[in-house]
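Under numbering that gives the first Met the number 0, the sequence shown is numbered contiguously, ending at residue 220. A virtual CB, placed ideally from N, CA and C, is assigned to each residue, including glycine.
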Amino acid sequence: MFYFRFTLYQIILFVLLIAPISIFTQNKYHTYQEMTDNLNRLVSTHSNIASIKSIGKTLENRDIWLVTIGGKDADDKHAILIVGGVEADRIIGSELTLKLIDFLLNGFGKTDSITEIINYNTFYILPRMNPDASEEFFKKPTYARVLNSNPTDDDKDGLIDEDGYEDINGDGYITMMRVKDDHGEWIPHPNDPRIMKKADISKGEKGIYKLYTEGIDNDKD
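Okay, here's the thing in structure tokens:
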């Protein structure tokens, strides 16, 4: 068995190459539950060539789904692995895998190029590798989280997950804030003081700000 790995950009190129005419519209992003429902619906209506199974559970008890497209002899054919949602805040990667699964399953038996590539290859597709973090995209306040749910010492004080973020200004987003500090690494950008840049010591620049995630220092550290 041979394995191939595809990047996000290669997925786009692949779809464009095998599709005679293909225009995908995107008017929403899918929550984990919406994605799961869509995957199960697609697989159930194309069970002759597709299957779905969980390859593990996250710390927040979500399944990590693997969709296999290739039919009964799937394990004996060339394997193409496609992984989406590794970087949890880039939801578009997951959306592309969902579109690709839909495209392949609904094109099989109807479009010669799609039928041929499935007959000779097996697709192993992981639509969302980090679903716990991706779900932050759909909550309020919105927070761009990239890590999974493993406890981390975010402020390096020897404790874990002891002081989370707060939406101080109530705008529904968790953003960054700057605090003046003589030991800071950041300075305002000369072209726009709203933007921060790291001080370049080699040019004689001295940092005057530290950057923090929006919130309150509840544990006074």
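| Does the distance from the C-beta atom of K76 to that of T121 stay below 7 Å? | As a first step, residue 76 must be located in the sequence shown, where it is residue number 77. As a first step, residue 121 must be located in the sequence shown, where it is residue number 122. Result yes, Cβ atoms of K76 and T121 sit closer than 7 Å.
| message | Whole angstroms are fine: how far does the CA of I68 sit from the CA of S93? | response | Against the sequence shown, residue 93 aligns to sequence position 94. Against the sequence shown, residue 68 aligns to sequence position 69. Going by the C-alpha atoms only, they are around 17 Å apart.
| query | If you check the beta carbons only, do G83 and P126 fall under 7 Å apart? | reply | Taking the sequence shown and counting its residues from 1, the one referred to as residue 83 is at position 84. Taking the sequence shown and counting its residues from 1, the one referred to as residue 126 is at position 127. Result yes, Cβ atoms of G83 and P126 sit closer than 7 Å.
| field | Exposure of I173, with buried meaning 16 or more beta-carbon neighbours within 10 Å | value | Position 174 of the sequence shown, counting from 1, holds the residue named residue 173. I173 is buried by the Cβ-count criterion.
| Thinking just about the alpha-carbon of each residue, which of S133, I63, P187 is nearest to the one in E204? | Here residue 204 refers to the residue found at position 205 when the sequence shown is read from its first residue. Shortest Cα-Cα distance from E204 to any of S133, I63, P187 involves P187.
| request: Could you have a look at S50 and say whether DSSP puts it in helix, strand or coil? | output: The residue given as residue 50 occupies position 51 in the sequence shown. In the three-state DSSP reduction, S50 falls in the strand class (E or B).
| request: Starting from Y31, follow its DSSP beta bridges and name the residues at the other end. | output: Translated into the one-based positions of the sequence shown, residue 31 becomes position 32. Residue pairing by DSSP places Y31 in no beta bridge whatsoever.
| message | Strictly by DSSP, which residues pair up with F122? | response | Mapped onto the sequence shown, residue 122 falls at position 123. For F122, which the question treats as bridged, DSSP gives the partners I68, I79.
| request: Quick one: measure Cβ to Cβ for I81 and L99, integer angstroms, because I've assumed they're closer than 8 Å. | output: The count along the sequence shown starts at 1 and reaches residue 81 at position 82. The count along the sequence shown starts at 1 and reaches residue 99 at position 100. Yes, they are in contact, since the Cβ atoms of I81 and L99 sit about 7 Å apart, within 8 Å.
| query | Can you name the residues that DSSP bridges to K56? | reply | For this step, residue 56 is matched to residue 57 along the sequence shown. The partner list for K56 (beta bridge, DSSP) reads D62.
| Under the three-state reduction of DSSP, which class applies to I20: helix, strand or coil? | Residue numbering aside, residue 20 sits at position 21 when the sequence shown is read from its first letter. Note that I20 scores a pLDDT of 43, beneath 50, so its modelled location is shaky; the value from the coordinates is reported in the next line. Three-state DSSP puts I20 in coil, outside helix and strand.
| task | Give me the Cβ distance between T114 and M175, rounded to the nearest whole Å; I'm assuming they're in contact under 8 Å. | result | Against the sequence shown, residue 114 aligns to sequence position 115. Against the sequence shown, residue 175 aligns to sequence position 176. Actually they are not in contact, since the Cβ atoms of T114 and M175 sit about 50 Å apart, beyond 8 Å.
| query | When the Cα of K197 is compared with those of E184, N217, K209, which residue comes out closest? | reply | Sequence index remark: in the sequence shown, residue 197 carries index 198 (1-based). With distances taken between Cα atoms, K197 lies closest to E184.
| Per DSSP, cross-strand counterpart(s) of D191 | For the purposes of this step, residue 191 is taken as the residue at position 192 of the sequence shown. Answer is H188.
| task | Would you mind reading off the limits of the alpha helix (DSSP H) that contains K98? | result | For the purposes of this step, residue 98 is taken as the residue at position 99 of the sequence shown. Element bounds for K98: 91-106.
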